[in-house]
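A.B. asks:
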């Protein structure tokens, strides 16, 4: 949590600064009873931001570019100051009351803001962020303008506090004392407008409003005097920022509402404080202490936060320690001896990780050739859902551990404390199946140390293996129970395993060791226990080993299936979850999709399902994903589960949901992924950016998190290919820093999207030294000209279609009864030069009407058919 | 002429009002050192406009208004929002602002003061603190210096406001309706403070519509009525003939009650509101 806090230290500082300034000004606003003026100024500022987005989208060349770069800050400042002048001007007039005018400004600015950006996808999301209050890694330039503005406001108030207080409290007296009262009023409102506009840009409307109102109220209720009250208000603003920020990180809440809520809680405590003198004293001291702590936390976090380019590394490491991947961990160690890896080896690993069962079985024997490095990839798939794959793994492992290097590594994985729990469990399972006595001990140790961190079904698999050693008795270990409840069982296991006299393992081991036979599948053992359905039901309902009982019931056929159904429908949550785990995957997916499972177990079923999933599985993970995303408080592991499915097109929507719910977590994970040595994960991260709700902010985060050079190029490459138009301006801005390949990709994107903003880049690209870039520029140019030609042709066709329609109507008119109409049609056809109508004209000459005949002859003459004109005398 | 030029405040042919709207026209008024001038008139007649012109908040539309003195102003209590948590002392301290006694500008002074007040040692405020406490003492409010202004009674608030007007040592005290909405005791305490200040040599200009108060303390009266101002010695002005037009012709009786001049409606035209007021 501290690491995350350090990563967001600049965000925190921004929140803290705006909180202090807004709270200070809020004391004035509350006392002057103009709180809503502050809010209206903020809404006006939001309107200003919207105007800047609108102008940026107009395509007005340099004006739009300026608006896109600096518009938001200047727009919000400008609109807010303009609004204040409007409000100030009113003071002289007096037909409209001030609060009505404030309401007018609020509603007009609000409506205008939304309508202006309605057609702009970028603007709308950013505006929504502003209104909803998401403080997420503000950009450096924003922080600077925020700092400058807020310091200016603070200086003005430090110098003129007494004057500003006097003109607030008693303006008439101030004027009688010779102060320029109206100038001070303007000065106060100007500081308010500046602070609100900048704070709005950084923290959003909700946060500004909360800071303007809540800390001052709390301060005024705590303090008896104005000075004291102001100090308490500042302390509460700081403390609320810190607490809200920590909550936001801990519970993955958006920052704005989280801080606002903490402020309100503080206010509640302060109001309670007024009830009792003693409590009041305590509340005062606590407020000041918390405020001081919050003030200190900012600089401390800033010191603790590493330089931007590296900031994600410790985080990524911490995350890797805490959350073992459920997918095969080909982790950083690959890169240590990367030189030895030829592409073939990489490809083998890739196929092992992402291929289907047949491919995996095919790949496994090939890995053995490189025994010193095959151990980890093999262990990663030791619990493969496909038993055929397990057999292949066992056979391969037996060969691999012959090599001394691999054996040493094996020993390390089995016993070292710093091995991730999942890896150690895999090693333990592998060793057990090889008949190595260290294996079961490793499994028991890992379960005792870190049961919580292991996926449920992995635990179950491992324990099933242990049970086989004792002919099916598991000492009552139940993966569904909390670690504390299993402690006893694990102690029993351990003492049984460590006692060489105890019947089971030693002999088992010698047998297994001799034959190197793969372990029998669990089903075989279950048959030997031959429990009655009643016993099984009892075990399913109250343990031990609910999962085993469920599986046995399922294997027992129709009667067992019925019991499972009953438990699923009405049983206690743990039993129902166990019952669900015995069902085939497709049945579980379908039940999730149908909403057939009752609420408490839905999420756990979804989690189990996703943990079991392999990349080549064809079942639809979306119901399970949706289930996880509907959780009010998804865990980090849940997010990992969701993110693991990212490359699936169907899962794209879920990204939106992740981002909406946990913007901070999502961007932290993306940043972590970008540092991953695995190309796949980097690509996923980039695709994640493309799908996120705040693609631009996340892109900036990712950009800052990745090192200049190949990493950034890769980011650009993927995003140029994958992302939607929202990211275009941000991507094109990086053109200058891109490598040749990325430049070419950006140019192709310009061509593909017919993005007019990228037009100047095509010119640049055409004169580039790199032939690839020049080719890309030419291609983009071609796209543009083809588009232009296509458009021209289309317009021509439209024109022709219209003419053809007209000609049809005119020709039809020629045969109409009314000779005047027919004559007009003849003239028109001649004027249009429709030679195709000549036969119709000639045919019409048979009609009697002389006027018509004259018209027809004139028309024919005009069309150059004078030979028909000769029949004049006829 | 020489006496006239010594007048502390002098209005000559002045037309008073806002924008292009005159409220009182053709005003000639001199306030001499040591005067106790009461400005009387029905609501809306322009008393406050006159006061604001005298204070320099408003410029006369025509004519001139000369001030040859420092003025100390006490506004109507009702315009002050009770939501501000100022102490009596802090309110008085405001009176120094804009005067030559104002303390030097010190950016973090208030934070220092706030910290001091939380720690409970109200360290000395220097020269200006002495001045503030002196003003409070002169108004009999010294023992209330640290109480919140908003918690004081009406009469006490008014005395704090008089102290604020007094703190920058003005030559002339300008009081706007100091006895409005006060009970008899509050009114008495405020007016005794004002009288003691007057007797100590301060010139007083006071706006009021309470004739009985004015009759008791003021030595000069100015009637503002129907856009005109009439001024004169109190005893000349307090006659039924001059008072009656002020109240739309309602007959007014002037008599002596307990050694003081008293003013009351001469007779109740009906047994309505007026009679119940008498009771």
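Residue numbers (the working numbering), protein chains in the order written: chain A, 299 to 1172; chain B, 63 to 341. For every residue, glycine included, the Cβ atom is placed at its ideal position computed from N, Cα and C.
Rounded to whole angstroms, what is the Cα-Cα separation between residue 719/A and residue 696/A?
C.D. replies: To locate residue 719/A, count along the first chain from 1; it is residue 421. To locate residue 696/A, count along the first chain from 1; it is residue 398. For residue 719/A and residue 696/A, the distance between alpha carbons rounds to 22 Å.
A.B. asks: Locate the alpha helix (DSSP H) running through residue 763/A, then write down its first and last residues.
C.D. replies: Here residue 763/A corresponds to residue number 465 of the first chain, with the count starting at 1. Its alpha helix (DSSP H) spans residues 754-767.
A.B. asks: Using a Cβ-Cβ cut-off of less than 7 Å, give me the residues of the segment 530-545 of chain A that come near chain B, in sequence order.
C.D. replies: none
A.B. asks: In the structure shown, what three-state DSSP assignment does residue 319/B receive?
C.D. replies: Along the second chain, read from residue 1 onward, the residue named residue 319/B stands at position 257. Note: residue 319/B maps to strand in three-state DSSP.
A.B. asks: Check the Cβ of residue 144/B against every Cβ in chain A and list those closer than 9 Å, keeping chain order.
C.D. replies: Here residue 144/B refers to the residue found at position 82 when the second chain is read from its first residue. What residue 144/B touches in chain A: nothing, since even the nearest Cβ is about 11 Å away.
A.B. asks: Distance cutoff 8 Å, beta carbons only. Does residue 147/B sit that close to anything in chain A?
C.D. replies: Here the question's residue 147/B lines up with position 85 in the second chain. Yes, contact with chain A.
A.B. asks: Cβ of residue 475/A less than 8 Å from any chain B Cβ?
C.D. replies: Stepping through the first chain from its first residue, residue 475/A is reached at position 177. It does: the Cβ of residue 475/A has a partner Cβ on chain B nearer than 8 Å.
A.B. asks: Run through chain A and tell me which residues come within less than 9 Å of residue 156/B, C-beta to C-beta.
C.D. replies: Numbered from its first residue, the second chain carries residue 156/B at position 94. Near residue 156/B (Cβ distances below 9 Å), the residues of chain A are 460, 463, 464, 467, 468, 471, 472 and 475.
A.B. asks: Is residue 761/A closer than 8 Å to residue 780/A when the C-beta atoms are compared?
C.D. replies: Numbered from its first residue, the first chain carries residue 780/A at position 482. Numbered from its first residue, the first chain carries residue 761/A at position 463. Contact flag unset, no.
A.B. asks: Who are the neighbours of residue 527/A on chain B, taking C-beta pairs under 7 Å?
C.D. replies: Locating residue 527/A in the first chain gives position 229, counting from the first residue. The answer, in chain order, is 147.
A.B. asks: Compare the C-beta of residue 39/B with all C-beta atoms of chain A and state if any pair is closer than 8 Å.
C.D. replies: This structure cannot speak to residue 39/B, because chain B is shown only from 63 to 341.
A.B. asks: Give the secondary structure of residue 310/B by DSSP, where H, G and I count as helix, E and B as strand, and everything else as coil.
C.D. replies: To locate residue 310/B, count along the second chain from 1; it is residue 248. Coil.
A.B. asks: Can you find the residues in the same chain that come closer than 6 Å, C-beta to C-beta, to residue 737/A, ignoring five residues on each side of it along the sequence?
C.D. replies: Position 439 of the first chain, counting from 1, holds the residue named residue 737/A. Counting only Cβ-Cβ distances below 6 Å, and skipping sequence neighbours, we find 726, 729 and 730.
A.B. asks: Residue range of the beta strand (DSSP E) that residue 295/B falls in?
C.D. replies: As a position in the second chain, residue 295/B is number 233, starting the count at 1. Residues 290-295.
A.B. asks: Would you say residue 139/B lies against chain A (beta-carbon separation less than 8 Å)?
C.D. replies: As a position in the second chain, residue 139/B is number 77, starting the count at 1. Not one chain A Cβ lies under 8 Å of residue 139/B.
A.B. asks: What residue from 288/B, 249/B, 189/B and 155/B has the CA that sits closest to residue 103/B's CA?
C.D. replies: For this step, residue 103/B is matched to residue 41 along the second chain. Nearest option by C-alpha distance: 288/B.
A.B. asks: Checking 8 Å against the spacing of the C-beta atoms, do residue 684/A and residue 655/A come in under that value?
C.D. replies: Here the question's residue 684/A lines up with position 386 in the first chain. Here the question's residue 655/A lines up with position 357 in the first chain. For residue 684/A and residue 655/A, yes; Cβs fall inside 8 Å.
A.B. asks: From this set, 1029/A, 1062/A and 1015/A, which residue's C-alpha is nearest residue 1039/A's C-alpha?
C.D. replies: By 1-based counting over the first chain, the position of residue 1039/A is 741. It is 1015/A whose Cα lies nearest to the Cα of residue 1039/A.
A.B. asks: Would residue 83/B be called buried (16 or more neighbouring beta carbons within 10 Å of its own) or exposed?
C.D. replies: Within the second chain, residue 83/B is the residue found at index 21, counting from 1. Within a 10 Å sphere around the beta-carbon of residue 83/B sit fewer than 16 other beta-carbons, which makes this residue exposed.
A.B. asks: Leaving out five residues on either side along the sequence, give the residues of the same chain with a beta carbon under 8 Å from the beta carbon of residue 546/A.
C.D. replies: Reading the first chain from its first residue, position 248 is the one you call residue 546/A. Same-chain partners within the cutoff: 552, 553, 556, 557 and 962.
A.B. asks: To which residues does DSSP link residue 287/B through a beta bridge?
C.D. replies: Counting from 1 along the second chain, the entry for residue 287/B is found at position 225. Paired residue(s): 290/B.
A.B. asks: Please tell me whether residue 682/A and residue 691/A are closer than 8 Å, where the distance is taken between their beta carbons.
C.D. replies: Along the first chain, read from residue 1 onward, the residue named residue 682/A stands at position 384. Along the first chain, read from residue 1 onward, the residue named residue 691/A stands at position 393. It is a contact, given that the beta carbons lie within the stated cut-off.
A.B. asks: Going along chain A in order, which residues have a C-beta closer than 8 Å to the C-beta of residue 191/B?
C.D. replies: Indexing the second chain from 1 puts residue 191/B at position 129. Simply none; closest approach about 15 Å.
A.B. asks: On the criterion of 16 or more Cβ atoms from any shown chain inside 10 Å, does residue 301/B qualify as buried, or is it exposed?
C.D. replies: Taking the first residue of the second chain as 1, we reach residue 301/B at position 239. Answer is exposed; the Cβ neighbour count stays below 16.
A.B. asks: When you measure from the CB of residue 98/B to every non-hydrogen atom of the ligand SAH, does any distance come out below 7 Å?
C.D. replies: The model on display carries no ligand, and the ligand SAH is accordingly not part of it.
A.B. asks: Is it buried or exposed, residue 1219/A, if we count other Cβ atoms within 10 angstroms and call 16 or more buried?
C.D. replies: Residue 1219/A lies beyond the range of chain A shown here (299 to 1172); nothing can be said about it.
A.B. asks: Just checking: is the beta-carbon of residue 216/B within a distance shorter than 8 Å of some beta-carbon in chain A?
C.D. replies: As a working mapping, residue 216/B is identified with position 154 in the second chain. So no, residue 216/B is outside the interface.
A.B. asks: Could you give the C-beta distance for residue 907/A and residue 894/A, rounded to a whole number, given that I count them as a contact under 8 Å?
C.D. replies: Here residue 907/A refers to the residue found at position 609 of the first chain. Here residue 894/A refers to the residue found at position 596 of the first chain. Rounded, the Cβ-Cβ distance is 14 Å, inconsistent with contact.
A.B. asks: Looking at the C-beta of residue 518/A, does it have a partner C-beta in chain B at a distance below 8 Å?
C.D. replies: For the purposes of this step, residue 518/A is taken as residue 220 along the first chain, with counting starting at 1. True, the Cβ-Cβ gap to chain B drops below 8 Å.
A.B. asks: Confirm, please, whether the CB-CB distance from residue 86/B to residue 291/B is below 8 Å.
C.D. replies: Counting from 1 along the second chain, the entry for residue 291/B is found at position 229. Counting from 1 along the second chain, the entry for residue 86/B is found at position 24. Closer than 8 Å, so yes.
A.B. asks: If we cut at 8 Å on Cβ distances, does residue 246/B have a partner in chain A?
C.D. replies: Walking along the second chain from the start, residue 246/B turns up at place 184. Cβ-Cβ to chain A under 8 Å: no for residue 246/B.
A.B. asks: What distance in whole Å lies between the Cβ atoms of residue 1138/A and residue 1158/A, which are believed to be in contact at a cut-off of 8 Å?
C.D. replies: In the first chain, residue 1158/A corresponds to position 860, counting from 1. In the first chain, residue 1138/A corresponds to position 840, counting from 1. About 11 Å separates the two Cβ atoms, so there is no contact after all.
A.B. asks: From the beta carbon of residue 160/B, is the nearest beta carbon of chain A less than 8 Å away?
C.D. replies: Mapped onto the second chain, residue 160/B falls at position 98. Answer yes: the Cβ-Cβ gap between residue 160/B and chain A drops below 8 Å somewhere.
A.B. asks: Since residue 737/A is in the alpha helix (DSSP H), which residue starts that stretch and which ends it?
C.D. replies: Locating residue 737/A in the first chain gives position 439, where the first residue counts as 1. Residue 737/A -> alpha helix (DSSP H) spans 736-748.
A.B. asks: With DSSP as the reference, identify every bridge partner of residue 265/B, one or two as the case may be.
C.D. replies: Here the question's residue 265/B lines up with position 203 in the second chain. 234/B, per the DSSP bridge assignment.
A.B. asks: Does chain A have any CB closer than 8 Å to the CB of residue 297/B?
C.D. replies: Within the second chain, residue 297/B is the residue found at index 235, counting from 1. False, the Cβ-Cβ gap to chain A never drops below 8 Å.
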